[in-house]
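Numbering (our numbering), first residue to last: 26 to 598.
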């Protein structure tokens, strides 16, 4: 099918472009560029969505498109994600309906210790876990993408790397969003290689400037020829040498031993649907299902969308889930995570009894589950990027990946264009000490050599009557779980279309700090006053998240939506 050209999405919050989308062969007309029959790619940047759509049009499947989109995002959205980071992928195979989960998250270097970021007095050293070489975990993106594409893709590996390589070599105009991120991230000025890429004589790139990344293009060319180059070849040697020079921890041995891991997804029932998401070392899937279980069969629709009663119940369920997260979640290869118990409807029924439907409980009175309770039940059965892809055969990919905070550690390996993550901050660097997202953790998420830090990434796939229903995910650190949750509810409970479900106002509570975050102007004054009267401490602020979703209707039409809070695009054909 001939490629359908649509205008670029304007990078303006809460604005959607409406253009005529016409199928050149079928004569079928769709009123928006985000409705299609044969395939859909939704990502955080139009150029990345275009790269994925091109793979579908060349005969590739959803896996090929997802990998090409991911690599393109690594070029055009360097503040959020890249090949120097890692992530999680959820895959549904159209032929069988089987759902698979791939963990290509970063790992702690072998030289890492639980006191890595503490001084001699046992106090946390400021910024040590976020800025510079010591903050970097072993990257997993290239290993993960090659693993899934070589197993399930249709096109040659070189073909799916090519669009990203071309974007890096030829460059692209800097958006207002990227320009603002460059100006805000002062660590880029402290790293000579980063300063060379993202500034002109020390002045941050401005919107409209052309960003050419020649070194990154060469790195992608090497990866296209041999993805193992990143872990065992000259690229690996370059990374390890730069680490050693700058007192970082990653060695050639760390890179050589990295392997992505296939894990069993976490799945549960919600109403008439089956919800599958990412298992530990992500906390996303566990707590998405836990909160859905806590909501249970409550008739939220009858309460009214965003009514005080419905919102109060939702917030109290979030509070319980995040309390459990702080204590029980970690890398399952190092600690026993009580997944089966936490997603058990019987456990939710117990915890639901704690919720007062008229009054908020202070977080100090909300505790994580007793380990013995979970043991018994277990015997029963703000920077990051997300993309969603569906093809004509029903293959679906939900993929979330990141370098953690804006531009990761602020480190670019000289001669490679490679921005390195600061994912070590996602460990509990000391008991009770919050990370950059305000999340606290304990022993289950303590630093250990080779361990994976806990994540909130929540790539999710929902089916109904064994048919694909929803593919969704979001960036946003600790808010990821609640963002995905609210989109799932908007679609499954409130019958919203994709664009309304994505654009709807959001709220978030993560147990600690004990405050209810709401998007400014998202809720009316009467609702906010009602919630305050119930005891909620409300903090109104800027919007968050950059979710990407695809809904499949009963007639097979795919409807995609990129978050109007970002600059992404949904492209289909």
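Every residue gets a Cβ at the ideal spot worked out from N, C-alpha and C, and that includes glycine.
* Could you name the residues of the same chain whose beta carbon sits closer than 8 Å to that of residue 539, not counting the 5 residues immediately before and after it, in chain order? => Along the chain shown, one-based indexing puts residue 539 at 514. The residues are 387, 388, 389, 562.
* Asked: Grouping DSSP H, G and I as helix and E and B as strand, with all else coil, what is residue 254?
  -> If you number the chain shown from 1, residue 254 lands on position 229. Looking at residue 254 - three-state DSSP - the assignment turns out to be helix.
* To do: Measure the CB-CB distance between residue 340 and residue 541 and report whether it falls below 8 Å.
  => Looking up residue 340 in the chain shown gives position 315. Looking up residue 541 in the chain shown gives position 516. Yes, the pair counts as a contact, with Cβ atoms nearer than the cut-off.
* Asked: Which whole-angstrom value describes the C-beta separation of residue 393 and residue 349, a residue pair presumed to lie in contact below a C-beta threshold of 8 Å?
  -> Within the chain shown, residue 393 is the residue found at index 368, counting from 1. Within the chain shown, residue 349 is the residue found at index 324, counting from 1. Right, their Cβ atoms sit about 5 Å apart.
* Span of the alpha helix (DSSP H) holding residue 350? -> Within the chain shown, numbered from 1, the residue matching residue 350 stands at position 325. 333 to 353 is the extent of the alpha helix (DSSP H) around residue 350.
* To do: Check the DSSP bridge columns for residue 533 and list the partner residues they point to.
  => For the purposes of this step, residue 533 is identified with residue 508 of the chain shown, where counting begins at 1. Partner(s): 542.
* Buried versus exposed, by CB contacts within 10 Å (16 or more), residue 59 -> Numbered from its first residue, the chain shown carries residue 59 at position 34. Result: buried.
* Asked: To the nearest angstrom, how far is it from the Cα of residue 202 to the Cα of residue 546?
  -> Taking the first residue of the chain shown as position 1, residue 202 is located at position 177. Taking the first residue of the chain shown as position 1, residue 546 is located at position 521. Whole-angstrom Cα-Cα distance: 21 Å.
* Assign residue 476 to buried or exposed, taking buried as 16 or more other Cβ atoms, counted over all protein chains shown, within 10 Å of its Cβ. => As a first step, residue 476 is located in the chain shown; it is residue number 451 there, counting from the start. Buried is the call here.
* Asked: Around the C-beta of residue 151, are 16 or more other C-beta atoms found within 10 angstroms, so that it is buried, or is it exposed?
  -> Here the question's residue 151 lines up with position 126 in the chain shown. That one is exposed.
* Of the listed residues 560, 275, 173, 516, nearest to residue 132 (C-alpha basis) -> Counting from one through the chain shown, the residue named residue 132 turns up at place 107. Checked all of 560, 275, 173, 516; the closest Cα to residue 132 is 275.
* **Range covered by the beta strand (DSSP E) that runs through residue 594** => The count along the chain shown starts at 1 and reaches residue 594 at position 569. That run of the beta strand (DSSP E) goes 594 to 597.
* Spell out the partners DSSP gives residue 65 in its beta bridges. => Here residue 65 corresponds to residue number 40 of the chain shown, with the count starting at 1. DSSP lists 415, 597 as partners of residue 65.
* Asked: Among 512, 479, 501, 69, which has the Cα closest to the Cα of residue 494?
  -> Position 469 of the chain shown, counted from the first residue, corresponds to residue 494. Of the listed residues, the one whose Cα sits closest to residue 494 is 512.
* Enumerated in chain order, which unbroken segments of the beta strand (DSSP E) with a length of 3 residues or greater are wholly contained in the segment 123 to 166? -> 124 to 129
* Applying the criterion that 16 or more other CB atoms from any shown protein chain within 10 Å of the CB defines a buried residue, is residue 130 buried or exposed? -> Here the question's residue 130 lines up with position 105 in the chain shown. So residue 130 ends up on the buried side.
* To do: Could you please give me the residues that DSSP links to residue 302 through a beta bridge?
  => The sequence position of residue 302 within the chain shown is 277, counting from 1. According to DSSP, which records beta bridges pairwise, residue 302 is partnered with 291, 485.
* Three-pair Cβ contact test at 8 Å for the segment 85 to 97 versus the segment 456 to 468 -> no
* With DSSP collapsed to three states, give me the class of residue 512. => Here residue 512 corresponds to residue number 487 of the chain shown, with the count starting at 1. Looking at residue 512 - three-state DSSP - the assignment turns out to be helix.
* Tell me, to the nearest whole angstrom, how far the beta carbon of residue 312 is from that of residue 346; I am working on the premise that it is less than 8 Å. => Sequence index remark: in the chain shown, residue 312 carries index 287 (1-based). Sequence index remark: in the chain shown, residue 346 carries index 321 (1-based). At roughly 4 Å, the Cβ-Cβ gap stays under 8 Å, so residue 312 and residue 346 are in contact.
* Asked: Which one of 117, 391, 409, 245 has the shortest CA to CA distance from residue 379?
  -> Residue numbering aside, residue 379 sits at position 354 when the chain shown is read from its first letter. Nearest C-alpha to residue 379: 391.
* Asked: Starting from residue 116 and walking both ways along the alpha helix (DSSP H), at which residues does that stretch end?
  -> Looking up residue 116 in the chain shown gives position 91. From DSSP, residue 116 is part of no alpha helix (DSSP H) but of the beta strand (DSSP E) over 111 to 117.
* Asked: Does DSSP classify residue 578 as helix, strand or coil?
  -> By one-based count along the chain shown, residue 578 stands at place 553. Coil, per DSSP.
* Okay, do the segment 428 to 442 and the segment 228 to 248 touch, 3+ Cβ pairs below 8 Å being the bar? -> yes
* 8 Å Cβ cutoff met for residue 594 and residue 105 -> Here residue 594 refers to the residue found at position 569 of the chain shown. Here residue 105 refers to the residue found at position 80 of the chain shown. Cβ distance not < 8 Å, so residue 594 and residue 105 don't count as in contact.
* To do: Sort 185, 164, 107, 143 by Cα distance to residue 82 and report the nearest one.
  => For this step, residue 82 is matched to residue 57 along the chain shown. Checking every option, the nearest Cα to that of residue 82 belongs to 185.
* **Beta-bridge partners of residue 427, as assigned by DSSP** => Residue numbering aside, residue 427 sits at position 402 when the chain shown is read from its first letter. Looking at the DSSP assignment, residue 427 forms a beta bridge with 111.
* Expressed to the nearest angstrom, what Euclidean distance is found between the alpha-carbon atoms of residue 118 and residue 164? -> Residue mapping note: residue 118 aligns to position 93 of the chain shown, counting from 1. Residue mapping note: residue 164 aligns to position 139 of the chain shown, counting from 1. Cα to Cα, residue 118 sits roughly 26 Å from residue 164.
* Does the beta-carbon of residue 49 have 16 or more other beta-carbons within 10 angstroms, so that it is buried, or is it exposed? -> By one-based count along the chain shown, residue 49 stands at place 24. Legend: pLDDT at residue 49 = 30, less than 50; position of this residue unreliable, no value from coordinates given.
* Three-state secondary structure assigned by DSSP to residue 270 -> Looking up residue 270 in the chain shown gives position 245. Correct three-state label for residue 270: helix.
* Integer Cβ distance of residue 488 from residue 288, believed to fall under 8 Å -> By 1-based counting over the chain shown, the position of residue 488 is 463. By 1-based counting over the chain shown, the position of residue 288 is 263. 19 Å between Cβ atoms; not a contact.
* **Run of the alpha helix (DSSP H) containing residue 282, from where it starts to where it stops** => For this step, residue 282 is matched to residue 257 along the chain shown. Its alpha helix (DSSP H) spans residues 277 to 282.
* **Proximity of residue 483 and residue 307 at Cβ, strictly below 8 Å** => For the purposes of this step, residue 483 is taken as residue 458 along the chain shown, with counting starting at 1. For the purposes of this step, residue 307 is taken as residue 282 along the chain shown, with counting starting at 1. It is a contact, given that the beta carbons lie within the stated cut-off.
* Asked: Do residue 166 and residue 426 have their C-beta atoms within less than 8 Å of each other?
  -> Counting from one through the chain shown, the residue named residue 166 turns up at place 141. Counting from one through the chain shown, the residue named residue 426 turns up at place 401. Yes. Within cutoff.
* Report yes if the C-beta distance between residue 417 and residue 64 is below 8 Å; otherwise report no. => As a first step, residue 417 is located in the chain shown; it is residue number 392 there, counting from the start. As a first step, residue 64 is located in the chain shown; it is residue number 39 there, counting from the start. For residue 417 and residue 64, yes; Cβs fall inside 8 Å.
* Assumed close pair residue 141, residue 472 - CB separation to whole angstroms, cut-off 8 Å -> The count along the chain shown starts at 1 and reaches residue 141 at position 116. The count along the chain shown starts at 1 and reaches residue 472 at position 447. Contact flag correct, Cβ pair sits at about 6 Å.
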